[in-house]
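Notes follow the structure.
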Amino acid sequence: MAGFTEQQEILVKESWETMKQNVPELSLRFFTTILEIAPAAKGMFSFLKDSDEIPQNNPRLKAHAVKVFKMTCESAVQLREKGEVVVAENTLKNLGSVHLKKGVIDPHFEVVKEALLRTIQEAVGEKWSEEMKNAWGEAYDQLAAAIKAEMKKEA
Ligand code: HEM
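So my numbering is basically just the index in the sequence shown, starting at one, shifted up by 35.
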């Protein structure tokens, strides 16, 4: 794999700095997009299951969205610094078991990736570029691979 460049890290960090100023809207768009791509995902999330609409300002919905964005951003930093994504052992174990328990399978990670990229594209408007897409995509893929590997260990 070609190394993750400083420019890629900057693209990810800068766009996240902008996006995190509007977490309520960002998390809502992210989940709306996940459900557009994969309506069946609704049943997996405790905070979506029992309502007809996506709840506004739900703390757990926001928390998952922010975690995915933030951890992907941290992954970008690590990819540049260390050439790989390192997630703390405890965190990774917990992520593995939570996702396994909720019934998450590999193709779901693709859905979330697509939703993540579309949400970023909308949020950054004309700053969006192929480079930004690849930088976020690469950081996400490596993080997802770490979680998936842990899930397989625990299964
Ligand atoms: C929960 C992160 C991908 C579904 C969580 C939690 C974190 C997290 C930190 C909370 C764990 C806890 O409660 O201790 C991530 C990251 C992802 C990712 C960083 C990708 C890189 C996915 C995917 C799905 C998914 C692909 C399936 C569509 C869930 C569900 C929960 C959860 C259903 C439990 C939420 C609840 O009902 O409260 N995730 N996740 N996640 N995640 Fe993910």
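Note that the Cβ used here is the ideal one computed from N, Cα and C, for glycine as well. Please read all numbers here as calculations on a predicted model, not as lab measurements.
Residue 137 sits in coil when the DSSP states are folded into three classes, being neither helix nor strand. With a cut-off of 8 Å on Cβ pairs, the region 101 to 110 is in contact with the region 174 to 188, counting three or more such pairs. DSSP places residue 144 in the helix class (H, G or I) of the three-state scheme. Per DSSP, the continuous alpha helix (DSSP H) segment holding residue 182 begins and ends at 165 to 189. If you draw a straight line from the Cα of residue 64 to the Cα of residue 190, it comes to about 32 Å. For residue 53, the enclosing alpha helix (DSSP H) starts and ends at 41 to 54. Straight-line measurement puts the Cα of residue 182 at about 22 Å from the Cα of residue 48. Here residue 114 is near residue 39, since their CB atoms are less than 7 Å apart.
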